[in-house]
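These protein sequence lines are chains A and B, in that order. Just so you know, we're using my numbering here: the first sequence kicks off at 1012 and counts up by one. Just so you know, we're using my numbering here: the second sequence kicks off at 1235 and counts up by one.
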Amino acid sequence: GAVVSQHPSWVICKSGTSVKIECRSLDFQATTMFWYRQFPKQSLMLMATSNEGSKATYEQGVEKDKFLINHASLTLSTLTVTSAHPEDSSFYICSARGGAEGKLFFGSGTQLSVL
Amino acid sequence: RKEVEQDPGPFNVPEGATVAFNCTYSNSASQSFFWYRQDCRKEPKLLMSVYSSGNEDGRFTAQLNRASQYISLLIRDSKLSDSATYLCVVNEGSGAGSYQLTFGKGTKLSVIP
C-alpha cells in the first residue's frame, strides 16, 4: 500500500535555529502533499498545501516566510521552520494522496521542541 | 467558520463494553466523512469512511445523518487495543477527488481491563 515517510520523528533545537522536516512518498508519486500542525489536545490544523513544481498554498494565519515549503520532486516535500521559537513547538504531520483509490496517507509526524 | 465538534471525553469503559461517539459538523456542503484513529503522538490512521446508508466494519459501525449534520461511531465488544483518540474528519472539498479536510479535536477512549 501507499506509504508516506516523514523524517525526523522528533527534534529539539535552540530558539532561533531553523529546522527542516522531510516528507516522502515511498511507492507513489504525489503532486500534492499537505502539512498539518497539532498542538496538545487540539485538532490537526492544515498549514499549507504543497504543490510539486509550484508555490505552496498557505492557510490563513500561517506565515509563508516562516514556514518554507519546497516540493521539488514528485516524491519529496520539505517544511522548514525558520528561526524557530518556543511557540513553534508542536507536532507536525505531512500527508499525501496515493494508492489506487487516491486515499490520504499520513507521515508518522515530527515532534518539534524549541528551547 | 467551518467546525467539527466532538466530545473530548475521556470515555473510560471496561473491556467488552459498547461505546458510541458523536460528532457534528457545521458545513452542510461537506462531501464525505471519515473516522480516524490517533494514538498518542502518532499519525492519524483511517479507521473507516462514513456512508449515508451507514456502514459496518467488524466491531465498528458508522452512521451519518446529513439532515442533522451528525456522525456517529459505535464500537462493540471493546478491546484494550481500542484505547486511542478517535477523530471525526469532514471533507469539505468539492469535486471528485478533492480533499479539504477539517478535523475534530478527537474523543479519547480508554478501555480498562
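Every residue, glycine too, gets a C-beta built ideally from N, C-alpha and C.
Could you check whether the stretch 1118-1126 of chain A touches the stretch 1070-1082 of chain A, counting it as contact only if at least three pairs of C-beta atoms, one from each stretch, sit closer than 8 Å?
no
Range of the contiguous beta strand (DSSP E) that encloses G1118 of chain A:
In the first sequence, counting from the first residue as 1, residue 1118 of chain A sits at position 107. From DSSP, G1118 of chain A is part of no beta strand (DSSP E); its letter is neither H nor E.
Return the residues of the stretch 1052-1070 of chain A that lie within a Cβ-Cβ distance of less than 8 Å from chain B, sorted by chain order.
K1052, Q1053, S1054, L1055, M1056 and L1057
What are the boundary residues of the beta strand (DSSP E) that V1238 of chain B is part of?
On the second sequence, position 4 is the one that residue 1238 of chain B refers to. Unbroken beta strand (DSSP E) run through V1238 of chain B: V1238 to Q1240.
For D1316 of chain B, three-class secondary structure by DSSP
Working through the second sequence from its first residue, we reach residue 1316 of chain B at position 82. In the structure shown, D1316 of chain B sits in a helix (DSSP, three-state: H, G or I).
Please go through the stretch 1040-1101 of chain A and give each complete beta strand (DSSP E) segment of 3 or more residues, from N-terminal end onward.
1043-1049, 1056-1062, 1078-1084 and 1087-1092
Pop quiz: S1054 of chain A and G1340 of chain B are said to be a contact at Cβ under 8 Å. What is the actual Cβ separation, rounded to whole angstroms?
For the purposes of this step, residue 1054 of chain A is taken as residue 43 along the first sequence, with counting starting at 1. For the purposes of this step, residue 1340 of chain B is taken as residue 106 along the second sequence, with counting starting at 1. Between G1340 of chain B and S1054 of chain A the Cβ distance is about 7 Å, and since that is below 8 Å, they are a contact.
So what's V1014 of chain A in DSSP terms, helix, strand or just coil?
As a first step, residue 1014 of chain A is located in the first sequence; it is residue number 3 there, counting from the start. Looking at V1014 of chain A - three-state DSSP - the assignment turns out to be coil, as it is neither helix nor strand.
Could you say which of A:L1079, A:L1085, A:M1056 and A:C1105 lies nearest to E1131 of chain A if we only look at CA atoms?
Here chain A covers residues 1012 to 1126 and nothing more, so residue 1131 of chain A does not appear.
Closest by C-alpha distance to F1116 of chain A, when choosing among B:V1345, B:L1281 and B:G1288:
In the first sequence, counting from the first residue as 1, residue 1116 of chain A sits at position 105. Selected option, being the one with the closest Cα: B:L1281.
Is the Cβ-Cβ distance between V1199 of chain B and L1314 of chain B less than 8 Å?
As shown, chain B starts at 1235 and ends at 1347. That puts residue 1199 of chain B outside it, with no answer to give.
Residue(s) in a DSSP beta bridge with G1250 of chain B:
What you label residue 1250 of chain B is simply residue 16 of the second sequence in a count that begins at 1. Looking at the DSSP assignment, G1250 of chain B forms no beta bridge with any residue, so it has no partner.
According to DSSP, simplified to helix, strand and coil, what is L1126 of chain A?
Position 115 of the first sequence, counting from 1, holds the residue named residue 1126 of chain A. Residue state, collapsed to three classes: coil.
Could you confirm whether any beta carbon from chain B is found closer than 8 Å to the beta carbon of L1037 of chain A?
Sequence index remark: in the first sequence, residue 1037 of chain A carries index 26 (1-based). No, no contact with chain B.
Buried or exposed (CB count within 10 angstroms, at least 16 for buried), S1065 of chain A:
Sequence index remark: in the first sequence, residue 1065 of chain A carries index 54 (1-based). Exposed, by the Cβ-count rule.
With a threshold of 8 Å between beta-carbons, can G1118 of chain A be considered close to chain B, or not?
Mapped onto the first sequence, residue 1118 of chain A falls at position 107. Yes - at least one Cβ of chain B is within 8 Å of the one on G1118 of chain A.
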